[in-house]
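Enquirer: Chains A and B are the protein sequences, given in the same order. Sequential numbering from 1 applies to the first sequence in the numbering used here. Sequential numbering from 1001 applies to the second sequence in the numbering used here. Have a look at this one.
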Amino acid sequence: MTPGRPTGEPAQDGPAHRRRRGGSATAGQNVGGWLFVSPALAILLLFLVVPIGLAVYVSFTDWSGVTSPFGSTVHTVGLSNYASLVSRPGLSQQLFGTSVRDNFYYVLFVVPLQTALALWLAIVVNNRFLKGRGLFRLAFYFPSVTSSVAITTVFIFLFQGTGAVNKFLAFFGIRGPNWLYDSRGVFTTLLYNLGLHNPPAWSNHLFLGINIWQWLAGPSFGMCVLIILATWTTSGTFMLLFLAALQGIPQDVEEASEIDGASSWQRFRRVTLPMLRPVVVLVLTLGLIGTWQVFDQVTLVGPYNQTTYTPAYLSYYLSFQNNEFGQGAAIAFLLFTLIVILTLLQRRFVKEDLTR
Amino acid sequence: MSTLAYRSPRRQVLSYALLVLFAVVFLLPFLLQVVNSLKTDGNATSHPLSLVPHPVSTAGWQQVLGTGGAAGVTDFPRWLANSALVSVLITGGRVFLDSLAGYALARLDFRGRRLVFALIVATLMVPNVALLIPQFLVIKELGIFNSYPGMVLPMLTDATGIYMMRQFFLQVPVVLEESARIDGAGTFTTYWRVVLPMVRPGIITLTILSFQGAWNQYAFFLVATVSPNYFTLTTGLANVVNGGLSAGNQFPLKLAAAMLTTVPVALLFFVFQRYLRANRFDAAVKG
C-alpha cells in the first residue's frame, strides 16, 4: 500500500435493499446467497477480523514472536506495553514520540501539498482547448501506478549526497544537504542559520520522551525526501478524483460567470471551488487516512535515518527486528484506533457534503 | 476551464509552458532512471544528471535478467516468476470471489444480508499497516508462514472489491435476471451466463486494480515470508536496496530492477486506461 492512495471510500447504504423488502426470502435465494458470500466472508473473517482480536491480545503480552502466542512462556503484562510507549520514560517512549512527531510533519506537509497540486492539475488538464490533454493526464497519473518500492529506489538514487538533485541545485550555487542521512529538522536548521544557536530554556520540557525543541524541529531533510515522493506519487490519483467532479459541473454555470466578467481567479474562488467542496473534503480526509499509514517507503529510507520512522514502521521494527511483538502490536492498535476515528469522521463529513 | 481561449496569446503560451514544465518534472525521475540504468556503476554515481550514458553499459540489465557473468548475486528471474505467480492467483481469486459476493449483496435476498454488508463496509476502514502483525500471527498459527499459500490465501478477497462489484451489479436491469429465471435457470447459471457479462467494465476494473495491488504489494509479503525463495520483485528489490549487495552502489542494477518492477503494471494501465477513467472513482465520489 502506498501512502495517500485512497484506501477507503465513503460507504453508504445504497439502494441495495429496495427490492422485495418485507417479502420473505425464497429458499433458493437464501441458500444461493450464503453460498455466494461465504468464501469471501470466510477469508475476511479469518485474515481480517480474527487477526485484529489476536493483535489486541498480543498487545497485552510479552510475546517474542518465536513460540506460539498462547504458549506457557508468554505472560500477560496488562497495560505495560502501552505504558512504555506513552507514559514510562525510556527508549521505547522516545522512539514512539519521535515517530509520532515525524509522521505528524509528514501529514502536515503532504496533505495540503498533494490536494492543492491535484486540484490545480485537474483544473488545467480539464481545459477543453488544451492540446494533448490525454498525454498530460497520463504523465501526471503515471507515478501513482508504480510500485512504491521501485519508486523509492529511484528517489534514493536521486537524493544521494552527490546525486542528481544536489547536482541540479549546484547549478544555482546551492549546496544541498546529504538528504537521506541528514536527521536535522528543517525548522531548527533554519533558526540555527539565522543565529539561534542555543535552544531557549523553556523548550527543555519533555513530552512523549522528546523535548519541546525537538517537537518544533520540523521534518528532517530525510523526511523531506519522503514528503516530496508522496506528493509526487499521489497527486495524480487525486487529480482523477477532481477531474471526475469537474466534469460534473454544468458548463453554463461557468459560462454565465464568464459573461458577467469574472476574472479567472474570481471564478475559481466563487464558482468552481464551492462546487468542488465535497470532493476537496473527500481528498483531504483520504489524504489524512493514507499519510498516517506510510510504511513501504520508510523500510527503504529508514536504515539511513531514524527521523523517517513512522509509527507504522516502528510497529514493524519493534516486532520483527527486536522481537518485541507486544509493543509492536500496541502501536498497531493505537494506529488502528486513529485511522478508524479518522475514517468515521470522513464518512460523516463526506456523506453530509455529498448528499447536500 | 474554458478561459484559455479568451486569454491573450501571451498568457496562453505562459500557462502552457508551465504545464509542460510540470509534465517534465513528473516524468524526469523515470527518464533519469532509464538513462542511469544504462551507465557504468561509477558513472551513475558521479554523473547522475547527464542524460547520455557514456559509455553505454548493459551490465546492470544483464545482472537483472540473469544473462551476465555475475549470476547468483541476485535472482531476479525467480522473483519475477514469483511476482507473476502470486499476482495471477490473487487476481483470479479476487475477481471470482469479489464478484460472487458482490452479486449476492446486490441481488440475492438471503437472510442476514444486511449484517454481512455492514460487516464488509466496516472492514473497508481497517488500515492495512495495522494488520501486518495480526496477519503474521494468523498465518503462523495456521502453519502457512513462509509459503505460497500464506502469501496468496489472505489476499484472495478484499472488501473494496466486493463493495465495488456490488455497485456495478446494482446498475444491471433486474428484468434480465427475472426472464432468465422464468426460463428455469438456476441462481448460479443466471449469475454466470446473464449478469456477469453485463458488468464487463467492472470486471476489467477489478482485474486491473487487483493485479496492480498484488504486483506492487510489499508490506504483506515482507511479513508473510522469510526465505529468499519466496522473494517477489518488490521484496527482493527492497532487500537489494537495503544492502543485500555488498560491492559499491550498484545503482544501474537497482534502477534496472526497479524498472522491471514498474513496466508490467504500467503497460496494463496504458492498455486499459480508457476503462479506468470512467469507472474507478465513480463509487468513491458518488457514494
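Yeah, the Cβ is synthetic: ideal placement off N, Cα and C, and Gly gets one too. No experiment lies behind these values; they were computed from the predicted model shown.
1. Does residue 207 of chain A come out as helix, strand or coil in the three-state DSSP assignment?
2. Sort A:188, A:330, A:196 and A:224 by Cα distance to residue 215 of chain A and report the nearest one.
3. What residue from B:1030, B:1192, B:1164 and B:1136 has the CA that sits closest to residue 1226 of chain B's CA?
4. In chain B, which residues lie less than 7 angstroms from residue 54 of chain A when you measure between Cβ atoms?
5. Taking C-alpha atoms, which residue in A:169, A:217 and A:139 lies nearest to residue 192 of chain A?
6. To the nearest angstrom, report how far apart residue 183 of chain A and residue 211 of chain A are at their CA atoms.
7. Let me know if residue 1086 of chain B comes out buried or exposed under the rule of 16 or more other beta-carbons within 10 Å of its beta-carbon.
8. Please list, in chain order, the chain A residues whose beta carbon lies closer than 7 angstroms to that of residue 1113 of chain B.
9. Within 10 Å of its beta-carbon, does residue 1254 of chain B have 16 or more other beta-carbons around it, so buried, or fewer, so exposed?
10. Mind checking who residue 185 of chain A pairs with in its DSSP beta bridge?
11. Could one say the Cβ of residue 1173 of chain B lies closer than 8 angstroms to chain A's Cβ atoms, at least one of them?
12. Keeping to the same chain, check which residues put their C-beta closer than 6 angstroms to that of residue 285 of chain A; ignore five residues upstream and five downstream.
13. Whose Cβ in chain B lies nearer than 8 angstroms to the Cβ of residue 43 of chain A?
14. Report yes if the CB atom of residue 219 of chain A is closer than 8 angstroms to the CB atom of residue 227 of chain A, and no otherwise.
15. My assumption, with CB atoms under 8 angstroms, is that residue 77 of chain A sits in contact with residue 62 of chain A. Please give the rounded CB distance.
16. Mind listing the chain B neighbours of residue 60 of chain A? Cutoff is C-beta to C-beta under 7 angstroms, in chain order.
17. Buried or exposed: residue 73 of chain A, going by 16 or more other Cβ atoms within 10 Å of its Cβ?
18. Give me the residue from B:1060, B:1171 and B:1216 with the minimum Cα distance to residue 1042 of chain B.
19. Could you tell me which residues DSSP pairs with residue 999 of chain B in its beta bridges?
20. Between the segment 287–308 of chain A and chain B, which residues of the former have CB atoms less than 7 angstroms from a CB of the latter, in chain order?
21. Buried or exposed: which applies to residue 1090 of chain B, given that a residue is buried once 16 or more other Cβ atoms fall within 10 Å of its Cβ?
22. Shortest alpha-carbon distance to residue 1110 of chain B belongs to which of A:30, A:242, A:97 and A:289?
23. In terms of alpha-carbon separation, which member of A:138, A:173 and A:177 lies closest to residue 1272 of chain B?
24. DSSP beta-bridge partners for residue 76 of chain A?
25. Looking at C-beta atoms only, is the number of pairs between the segment 89–108 of chain A and the segment 1174–1182 of chain B that lie closer than 8 angstroms three or more?
26. Note down the Cα distance separating residue 1139 of chain B from residue 1049 of chain B, rounded to an integer number of angstroms.
27. Determine, using beta-carbon pairs with one atom in the segment 1203–1218 of chain B and one in the segment 146–155 of chain A, whether at least three such pairs fall under 8 angstroms.
28. With a 10 Å radius around its C-beta and 16 neighbouring C-beta atoms as the bar for buried, classify residue 21 of chain A as buried or exposed.
29. Taking residue 53 of chain A as the reference, give the member of B:1130, B:1014 and B:1118 with the closest Cα.
30. Using 8 angstroms as the Cβ pair cut-off and three pairs as the minimum, do the segment 263–279 of chain A and the segment 239–248 of chain A touch?
31. Using a Cβ-Cβ cut-off of 6 angstroms (strictly less than) and excluding sequence neighbours within five positions of residue 1071 of chain B, which residues of its own chain qualify?
32. Helix, strand or coil for residue 1178 of chain B per DSSP?
33. Alpha carbon to alpha carbon, what distance is there between residue 1259 of chain B and residue 1222 of chain B?
34. For residue 23 of chain A, collect the residues of the same chain with a Cβ closer than 7 angstroms to its Cβ; drop the 5 residues on either side in sequence, then sort them by chain order.
Expert: According to the data block:
1. For the purposes of this step, residue 207 of chain A is identified with residue 207 of the first sequence, where counting begins at 1. Reduced to three states, the DSSP call for residue 207 of chain A is strand.
2. Position 215 of the first sequence, counting from 1, holds the residue named residue 215 of chain A. Taking only the C-alpha atoms, the option nearest residue 215 of chain A is A:188.
3. Within the second sequence, residue 1226 of chain B is the residue found at index 226, counting from 1. That would be B:1136, whose Cα lies nearest to the Cα of residue 1226 of chain B.
4. Working through the first sequence from its first residue, we reach residue 54 of chain A at position 54. Here the neighbours are 1134, 1137 and 1138.
5. As a working note, residue 192 of chain A is residue 192 in the first sequence. Nearest C-alpha to residue 192 of chain A: A:217.
6. In the first sequence, the residue the question calls residue 183 of chain A occupies position 183. In the first sequence, the residue the question calls residue 211 of chain A occupies position 211. Between residue 183 of chain A and residue 211 of chain A, the C-alpha separation is close to 16 angstroms.
7. Counted from its first residue, the second sequence places residue 1086 of chain B at position 86. Answer is buried; the Cβ neighbour count reaches 16.
8. Sequence index remark: in the second sequence, residue 1113 of chain B carries index 113 (1-based). Per Cβ cutoff of 7 angstroms: 33.
9. To locate residue 1254 of chain B, count along the second sequence from 1; it is residue 254. Under this definition residue 1254 of chain B is a buried residue.
10. In the first sequence, counting from the first residue as 1, residue 185 of chain A sits at position 185. In DSSP, residue 185 of chain A forms a bridge with A:220.
11. Within the second sequence, residue 1173 of chain B is the residue found at index 173, counting from 1. In terms of beta-carbon proximity, residue 1173 of chain B stays away from the interface with chain A, with every pair separated by 8 angstroms or more.
12. For the purposes of this step, residue 285 of chain A is identified with residue 285 of the first sequence, where counting begins at 1. Contacts found: 346.
13. Within the first sequence, the letter at position 43 stands for residue 43 of chain A. Simply 1097, 1153, 1154, 1156 and 1157.
14. Within the first sequence, numbered from 1, the residue matching residue 219 of chain A stands at position 219. Within the first sequence, numbered from 1, the residue matching residue 227 of chain A stands at position 227. In this structure, residue 227 of chain A lies closer than 8 angstroms to residue 219 of chain A by Cβ.
15. Counted from its first residue, the first sequence places residue 77 of chain A at position 77. Counted from its first residue, the first sequence places residue 62 of chain A at position 62. Confirmed, Cβ separation roughly 5 angstroms.
16. Here residue 60 of chain A refers to the residue found at position 60 when the first sequence is read from its first residue. Residues of chain B passing the Cβ test: none, with the nearest at roughly 13 angstroms.
17. Position 73 of the first sequence, counted from the first residue, corresponds to residue 73 of chain A. Classification for residue 73 of chain A: exposed.
18. Numbered from its first residue, the second sequence carries residue 1042 of chain B at position 42. Answer by Cα proximity: B:1060.
19. No statement about residue 999 of chain B is possible, as the shown extent of chain B runs from 1001 to 1287 and does not include it.
20. 293, 295, 296, 299, 300 and 303
21. Locating residue 1090 of chain B in the second sequence gives position 90, where the first residue counts as 1. Answer is buried; the Cβ neighbour count reaches 16.
22. By one-based count along the second sequence, residue 1110 of chain B stands at place 110. Among A:30, A:242, A:97 and A:289, the Cα nearest to that of residue 1110 of chain B is on A:30.
23. Position 272 of the second sequence, counted from the first residue, corresponds to residue 1272 of chain B. The option with the nearest alpha carbon to residue 1272 of chain B is A:138.
24. If you number the first sequence from 1, residue 76 of chain A lands on position 76. DSSP lists A:61 as partners of residue 76 of chain A.
25. no
26. Looking up residue 1139 of chain B in the second sequence gives position 139. Looking up residue 1049 of chain B in the second sequence gives position 49. Whole-angstrom Cα-Cα distance: 45 angstroms.
27. yes
28. If you number the first sequence from 1, residue 21 of chain A lands on position 21. Here the model assigns residue 21 of chain A a pLDDT of 42, short of 50, so the residue's position is not dependable, and the following value carries that caveat. Classification of residue 21 of chain A: exposed, given that the 10 Å Cβ count is below 16.
29. Taking the first sequence and counting its residues from 1, one reaches residue 53 of chain A at position 53. If we check each option's Cα against that of residue 53 of chain A, B:1130 comes out closest.
30. yes
31. The residue given as residue 1071 of chain B occupies position 71 in the second sequence. With a pLDDT of 48 at residue 1071 of chain B, under the threshold of 50, the modelled position of that residue is not reliable, and the figure given next carries that caveat. No residues qualify anywhere along the chain.
32. What you label residue 1178 of chain B is simply residue 178 of the second sequence in a count that begins at 1. In the three-state DSSP reduction, residue 1178 of chain B falls in the helix class (H, G or I).
33. Stepping through the second sequence from its first residue, residue 1222 of chain B is reached at position 222. Stepping through the second sequence from its first residue, residue 1259 of chain B is reached at position 259. Looking at the two C-alpha atoms, the distance is approximately 20 angstroms.
34. To locate residue 23 of chain A, count along the first sequence from 1; it is residue 23. Because residue 23 of chain A sits at a pLDDT of 42, beneath the cut-off of 50, its placement in the model cannot be relied upon, and the following sentence gives the value as read from the coordinates. Hits under 7 angstroms: none found.
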